[in-house]
Amino acid sequence: QSLQKVFTLVKTVSAACAPKMVTALDMKTARRSQPSKAFFPTSLIGLDELLHGGLACGTLTEVTGPSGCGKTQFCIMLSVLATLPIDMGGLNGAVIYIDTESAFSAERLVEIARNRFPEYFSSEQNLIEMTRRIHLSRELTCLDVLKRVESLEDDIIMNGVRLIIVDSVASVVRKEFDTRLQGNLLERSNLLCREAAMLKFLAEEFSIPIILTNQITTRLSQDYTGLSQLNTGAGVAPMTADSGVNLDEHSGYTTAALGNTWSHSVNTRLIMQYLDYHRRQVIVAKSPLAPFAAFVFTIQKAGLVLQGQSGQSNPSIEGTDPGLQPIQVRSLFSAGSSQLLPSLPLGSNIADVSTGRPTFDLSKSSNCFESLAPGTDLLPYV
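Encoded structure:
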C-alpha cells in the first residue's frame, strides 16, 4: 500500500512539473505582451532587420566559420550588449560565457564597450558593472562542459542571466573523439544531442538566447554548379578556383563541423567567412524567420561593423542545405601568396587588424576590469 502511495505521489509531481500544452495563440499573445523578450538585437542593423529584430530568444544560434574570421569577436560584442539597459537595445542581465579555447579577452571586452558605446561607458561605474555581470567559465574537456551545462539552471536564476555563450562546442569534442575509430562517432553524437537538448530546455524555459560557436571541416567535393547559382542570388561570394575554396574533384571543400545531426539541433546558423584580408562575410544559412542572405563586415575597435548602405543585403528565397554550405577560408591571403587582394572602397574607415591574439590570465583577477592597467592602449585583433 505504501509503495502504491509512492507511485501516486511521483505521478502527481510529474504531472505538475511536465510542460503544459499551449496553443499557437497563447505563444503569440505571450510574445506580444513581452516584446523585449522576443529578440536580442545584435546592433548590426541590416542583420537585425532580416532576423525580425535580432537573435530569437528561446532558441539556439550557432556561429560557425574558420579560425580568425570573427566568431569570438562577435561573442564578446554580444556579451557587452546583453548587459546594457533595455532602452539601449540590451537585455539588462548577466552573461555566462563558457570558454573552451581560452580565447576570451577581458581587454578586448572593455575595448569594444568603450568604442561601441563611448558615452555610456565613459562612466567607470558602468564599465565596472558591465564586467562584473559577465561570468567566465573555462572548461577544457567534454565532461567539464557537460557538467557546466547541467548546472546552468541554478546560475541563471541566482545571477539573473539573460545570455549564455559556449565558445566553442566543437573544440573539446573534436579533441577527444576520433571519429575514425569504431563507436566514437555514435558516442560523440549522443553527447552533442544531450548538450543541445539541455541548452534548448534552458533557452525555452527562461526565454533567453544561447549562442554556440562551431569550427569547420573538409568534405568530399560535389557538384557546385547549382549551389553557386543559389549563393550568387543571395550575395554570397561565388566559389571559384581563386576564392579560397578548393574545387578539385578529387579533394574536398570546407563546411561547418560536427555533422548533420548537430546541424538540425540548432535553430539558426550564421556562417562567417573571408572575402579578403580586411573584409568578412556573415551568411544567414539557416533560420526559421529569415531567408538565405549575406552581409559584408569588418572587425574594428568597436567590434563587428557592417559595410555598404546600412549593411543591406540581397535576400534570396533559395539556399542550400546549411550543413553543406561551403565556407571560404584564409588560404588565399596567406603570406607569400601571388594573388592580388581586391582594392577597398575609399572612406571605408577600416582599422588596422593584428593577426595575433593578446594573452590574458583571468585567474589572476577577480573581475575583468580590475586586471587592466590604467591608460592601456588596446588594439583590435582577429
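Residue numbers for the sequence shown follow UniProt numbering, so the first one is 1 and each next one is one higher. Positions of the beta carbon are idealized from the N, C-alpha and C atoms, including for glycine.
Please report the straight-line C-alpha distance between residue i and residue j, rounded to a whole angstrom.
i	j	result
Lys-37	Ile-156	15 Å
Phe-104	Thr-12	45 Å
Arg-133	Cys-69	26 Å
Asp-48	Leu-9	47 Å
Ser-14	Asp-26	23 Å
Asn-214	Gln-328	15 Å
Ser-265	Ser-287	12 Å
Gly-53	Ala-293	16 Å
Phe-201	Ser-67	29 Å
Ala-113	Thr-131	10 Å
Lys-20	Ser-122	47 Å
Glu-187	Gly-308	45 Å
Leu-212	Asn-184	22 Å
Val-22	Glu-124	46 Å
Thr-29	Leu-127	36 Å
Asn-267	Pro-291	14 Å
Tyr-3	Arg-269	The identity of residue 3 in the sequence shown is Leu, whereas the question assumes Tyr. Cα to Cα, the separation comes out at about 49 Å.
Leu-306	Ala-24	35 Å
Pro-118	Leu-152	32 Å
When we look at the beta-carbon of residue i and count the other beta-carbons within 10 Å, is it buried (16 or more) or exposed?
i	result
Ile-86	exposed
Cys-17	exposed
Ile-45	exposed
Met-77	buried
Asp-154	exposed
Met-272	buried
Lys-5	exposed
Ser-33	exposed
In chain order, what residues of the same chain lie with their CB nearer than 8 Å to the CB of residue i, ignoring the 5 residues before and after it?
i	result
Ser-79	Val-95, Tyr-97, Leu-109, Ile-134, Leu-163 and Ile-165
Leu-146	Leu-191, Arg-194 and Glu-195
Ala-257	Thr-64, Ala-170, Arg-174, Asn-214, Gln-215, Ile-216 and Thr-217
Tyr-120	Leu-84, Met-88 and Asn-126
Glu-150	Met-198
Arg-148	Ile-98, Ser-137 and Glu-139
Please go through the same chain and pick out, in chain order, the residues whose beta-carbon is closer than 7 Å to the beta-carbon of residue i, but skip the five residues on each side of it.
i	result
Leu-91	Phe-40, Ala-82, Arg-162 and Leu-163
Arg-31	Ala-38
residue 397	Residue 397 is absent from the model: the chain starts at 1 and stops at 382.
Arg-219	Gly-252, Tyr-253 and Thr-255
Glu-101	Asp-167, Ser-168 and Ser-171
With a threshold of 6 Å on Cβ separation, who are the neighbours of residue i within its own chain once the five nearest residues in sequence on each side are excluded?
i	result
Ser-348	Note on Ser-348: pLDDT 36, under 50, position unreliable in the model; the coordinate value appears next. Excluding residues within five positions, none has a Cβ falling inside 6 Å.
Leu-55	Phe-40, Thr-61 and Pro-209
Pro-345	With a pLDDT of 36 at Pro-345, under the threshold of 50, the predicted position of this residue should be treated as unreliable, though the coordinate-derived value follows. Excluding sequence neighbours, Pro-345 sits near nothing in its chain.
Glu-204	Gly-58
Asn-159	Ala-94
Ser-189	Thr-261
Going by DSSP, which residues form a beta bridge with residue i?
i	result
Lys-286	Arg-269
Glu-62	Leu-212 and Arg-269
residue 392	Because the chain spans 1 through 382 in this model, residue 392 falls outside it and cannot be assessed.
His-135	Ile-96
Tyr-253	Arg-219
Within the present structure, is the beta-carbon of residue i separated from the nearest heavy atom of the ligand GDP by less than 7 Å?
i	result
Thr-254	The ligand GDP is absent from the structure shown, which contains no ligand whatsoever.
State yes or no: is the beta carbon of residue i nearer than 8 Å to at least one beta carbon in chain C?
i	result
Tyr-97	Annotation note: the requested chain C is absent from the structure, which comprises a single protein chain.
- request: Assess, as a yes-or-no matter, whether the segment 170 to 179 is touched by the segment 131 to 144 under the definition of 3 or more beta carbon pairs within less than 8 Å.
  value: yes
message: Under 8 Å: do the segment 175 to 189 and the segment 206 to 222 share three or more Cβ pairs, one atom per stretch?
response: no
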